[in-house]
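*Asks:*
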Amino acid sequence: MTTAVDRIAIKAKERPGDRIFSTATLVAGGLILGVLAAVAAFLLIQSIPAFVAEPDDFKGDFTNFWSYVAPLAFGTLWSAFLALLMAIPVAIGIALFISHYAPRKLAAGLGYIIDLLAAVPSVVFGLWGIGVLAPMLQPFYANLVEWFGWFPLFAGPVSGTGRTIFTVAIVLAVMVLPIITAICREIFLQTPVLYEEASLALGATRWEMITMAVLPFGRAGIISAAMLGLGRALGETMAVAMVLSPSPQILFQLLTSQNPTTIAANIALNFPEAHGVGVNILLATGLMLFVITLIVNMIARLIINRRKAFSGAN
Amino acid sequence: MSTTLTVSAPVTNSLTAGKLPKNSSLMVLLASWLVVAAFFLVINLAGVTDGFNWAGTLFFGTVLYCIALFLFSYFVEGIRRAKDRLVTALVTIAFVVALIPLISLVGTTVINGLPAFLTPTFFTESQRNVVGAGGGALHAIVGTLFVTGLATLISVPIGLLTAIYLTEYGIGRLAKGITFFVDVMTGIPSIVAGLFAYALFSLLFDDPGIRFGFGGSIALSVLMIPVVVRSSEEMLKLVPNELREAAYALGVPKWLTIVKVVLPTALAGIVTGVMISISRVIGETAPLLIIAGFTASMNYDLFSERMMTLPVFVYNQYASQGTDAQAYVDRAWAGALTLILIVMLLNLAARLIARVFSPKLGR
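Line order of the protein sequences matches chains A and B. Okay, so the first sequence: first residue is 1 according to this note's numbering, each after it adds one. Okay, so the second sequence: first residue is 315 according to this note's numbering, each after it adds one.
1) Which residues does DSSP list as the beta-bridge partners of P216/A?
2) With a cut-off of 7 angstroms, does the C-beta of N358/B fall near any C-beta of chain A?
3) Using the Cα positions of A274/A and L44/A, report the straight-line distance between them to the nearest angstrom.
4) Of all the CB atoms in chain A, is at least one closer than 7 angstroms to the CB of K574/B?
5) On the criterion of 16 or more Cβ atoms from any shown chain inside 10 Å, does G361/B qualify as buried, or is it exposed?
6) Hey, does S79/A have any beta-carbon neighbour from chain B nearer than 7 angstroms?
7) With a cut-off of 8 angstroms, do at least 3 Cβ pairs link the stretch 169-181 of chain A to the stretch 69-84 of chain A?
8) Is the Cβ-Cβ distance between G365/B and F354/B less than 7 angstroms?
9) Can you tell me the Cα-Cα spacing of L282/A and F271/A, whole angstroms?
10) Give me the subset of the stretch 285-301 of chain A whose CB atoms are less than 7 angstroms from a CB atom of chain B, sorted by chain position.
11) Which residue spans inside the stretch 146-186 of chain A form an unbroken alpha helix (DSSP H) run of at least 4?
12) Give me the Cα-Cα distance between N314/A and I98/A, rounded to the nearest whole angstrom.
13) Which one or two residues does DSSP pair with P246/A in a beta bridge?
14) Within its chain, find whatever has a CB closer than 6 angstroms to the CB of Y68/A; leave out the 5 residues flanking it on each side and keep chain order.
15) Would you identify the three-state DSSP class for I680/B, choosing helix, strand or coil?
16) With distances taken between CB atoms, is the gap from I179/A to R232/A smaller than 7 angstroms?
17) Any Cβ of chain B within less than 7 angstroms of the Cβ of G29/A?
18) Is DSSP giving N270/A helix, strand or coil here?
19) Pull up the distance between the alpha-carbon of L416/B and that of V243/A, whole angstroms please.
20) Between the Cα of G129/A and the Cα atoms of M238/A, A284/A and R19/A, which residue gives the shortest distance?
21) For I303/A, collect the residues of the same chain with a Cβ closer than 7 angstroms to its Cβ; drop the 5 residues on either side in sequence, then sort them by chain order.
22) Counting only Cβ pairs nearer than 8 angstroms, list the residues of chain A close to Y483/B.
23) Closer than 7 angstroms, Cβ to Cβ, to anything on chain B: give me those residues from the stretch 254-268 of chain A, in chain order.
24) Need the endpoints of the alpha helix (DSSP H) that I502/B sits in, please.
25) Skipping 5 residues on each side, what residues in its chain have a beta carbon closer than 6 angstroms to that of R442/B?
26) Got a sec? Which residues, its chain only, sit under 7 angstroms from F310/A by beta carbon, not counting five neighbours each side?
27) Give the straight-line distance between the Cα atoms of W569/B and L31/A, rounded to the nearest whole angstrom.
28) For N426/B, which residues of its own chain have a beta-carbon under 6 angstroms away from its beta-carbon, when the five flanking residues on both sides are left out?
29) Report buried or exposed for L666/B, applying the criterion of at least 16 other Cβ atoms within 10 angstroms of its Cβ.
30) Out of S440/B, S469/B, I492/B and A639/B, point me to the one whose CA is closest to I455/B's CA.
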């Protein structure tokens, strides 16, 4: 009965101003959905010629679009995977340091310093990667190939410039680090203080408290943070385009001068000179990238949203 | 019985028994660095390596520190404490490791960028008819300001209105859907935004070689709108409901309440969010490379011809070096320095605004 009473809301008088304003906000909100749909639609329209392209239209010898995009998709996933492999443990460490280890007064400032990494433009990362990181790592790579060349990933011959997919993965790791750190930090700070205090009161050390209270609570958050980082690493363009010396094939070796390139870097390098169906082919690879990142991001957001609804934090 | 009981010497402080002394981790760290430094010094003096290996000292010294600390703690305090100390060390190292690229990157940019950055022509001339050294980045700076400025003009109204819809009007499925897809949109790769702008305008104008500044603004808007929505929404949510209710009680219409009460209260936060979103997109290279293209000349017209922007300038100077390669590399670094300075200034200003003008809600 009471619900029936509650349903009757008192209706305020609608003035023209109200109607105009609320419509404007609604249109703006709808426009965002429209833009997302438009991105998909226009890329799809422009990609159609690529799906039926002749073998002559591709740079290099490829028979059709799928054989052209496969090595690129592999390179995209492979480099992003390597980057995450390096970034996730470090990011969790930093997030724990800021949320549970650093002195309270310093914590916010330290978080800001890590956020500064996110503010550095990707083209500067590219410049740094090719000008500083690659030459610095090259002797290290040479030693690695010399000593561990029997291990398939480190098989030679070593790249003379250091511009390998491993260097790219390091640059990408540095770029996704602030994203993963920021979300992990938020999640770790949301851990109910009672859980933490309870485990400390039972005599747990700080690390035991973290493994018993903080990490189980934040597991979903860590996964989604990693996926958001993955989305960023998949779509990163300029750093990869500048650092990598590419060759479009599926290769697992990390340290040679033959490296699989990524979709985004391939577009950036070839788009300015592309013409005719070549443009459509690049747009179609862009569509593939869009679909991959969209799926990754949607899964990540779904996990985060579910977490928000059921966590005891709010 | 009690007379025969022998008592061991009293422990001075039973609370610290079975523990490592207070500053032991710092001591162990310094000791391990010293040991490794001594090792490398001996090798260096023996002539095996040329020059003292600083990086090796720090790296292997830190590794030795982790092992030594774990072992000391294990024998004095037991496995649980030892693990705790090890993790504390690792977590701190993770933070320091993240600082290394930041310091190295900023340091290199400043050192490599300053010579060309301090050239008087860098801010007064374009690259037109420049071969080798000289010239400047004025065309790129102007282009960046124009393209980003227009992107801001497009994104802020749309983003702000959407945020208002989500906080003040939105209920049910549409609002949830918009929130979800705004979040998803923040993850769109920047190059896809550029490809979208290209696909859109090349179809609209039927010109497969289309390049112009306005397209760059559209591409940047696609990237910027979700950031503006998210930050503005957070700020609008912070406005206390009592303010809205007080306005309604006085008979103020809803839209006037929003315009005159809610927005001014959240203004500082919104401005901060907008500035941070500008700093996000001002460094975007890939979309502008695709739709705005590159040129060596000034272009003040957003709607026709190619338009240079600062990130593309950096990329282009590096990617297509002329005969005097060093001059091009210098200009690339100087452009990178300008870009970093702009981004840092925007971030700093945003933080200042947030701190100075934020409403003092607490008592």
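Built from N, CA and C at the ideal position, the CB exists for glycine as well. None of these values were measured; they are calculated from a predicted model.
*Replies:* So, to answer that:
1) Answer by DSSP bridge pairing: none, since P216/A is not bridged.
2) With 7 angstroms as the cut-off, N358/B does not count as an interface residue toward chain A.
3) Between the C-alpha atoms of A274/A and L44/A there is a straight-line separation of about 18 angstroms.
4) Chain A, which has no Cβ nearer than 7 angstroms to the Cβ of K574/B, makes this no.
5) By the neighbour-count rule (16 or more Cβ atoms within 10 Å), G361/B is not buried but exposed.
6) Proximity of S79/A to chain B, defined by a Cβ-Cβ separation below 7 angstroms, is not satisfied.
7) Yes, they touch.
8) With respect to F354/B, G365/B sits apart: the two C-beta atoms are not nearer than 7 angstroms.
9) Cα-Cα distance, rounded: 7 angstroms.
10) So the list reads G286, L289, F290, T293, L294, N297, M298 and R301, given in the order they occur along the chain.
11) If we require 4 residues or more, the stretch 146-186 of chain A turns out to have no alpha helix (DSSP H) run fully inside it.
12) In this prediction, N314/A scores a pLDDT of 35, lower than 50, which makes its location untrustworthy; the coordinate-derived value is nonetheless stated afterwards. Approximately 22 angstroms, taken between the alpha carbons.
13) Note: P246/A sits in a beta bridge opposite N259/A.
14) Here the set comprises F58 and F62.
15) Outside the displayed span of chain B (315 to 677) sits residue 680/B, for which this structure offers no information.
16) Result yes, Cβ atoms of I179/A and R232/A sit closer than 7 angstroms.
17) True, the Cβ-Cβ gap to chain B drops below 7 angstroms.
18) Three-state DSSP puts N270/A in a helix.
19) Cα-Cα distance, rounded: 18 angstroms.
20) Nearest option by C-alpha distance: M238/A.
21) The answer, listed in chain order, is A220, I223 and S224.
22) Under the 8 angstroms cutoff, chain A gives S22, T25 and L26.
23) Within the stretch 254-268 of chain A, the qualifying residues are A264, I267 and A268.
24) Neither: I502/B is in no alpha helix (DSSP H) and is coded neither H nor E.
25) Result list for R442/B: A610 and S611, in chain order.
26) Legend: pLDDT at F310/A = 45, less than 50; position of this residue unreliable, value from coordinates given subsequently. Excluding the 5 residues flanking it on each side, F310/A has no same chain C-beta neighbour closer than 7 angstroms.
27) Distance between the alpha carbons of W569/B and L31/A is about 20 angstroms.
28) W647.
29) Under this definition L666/B is an exposed residue.
30) Per the Cα distances, S440/B.
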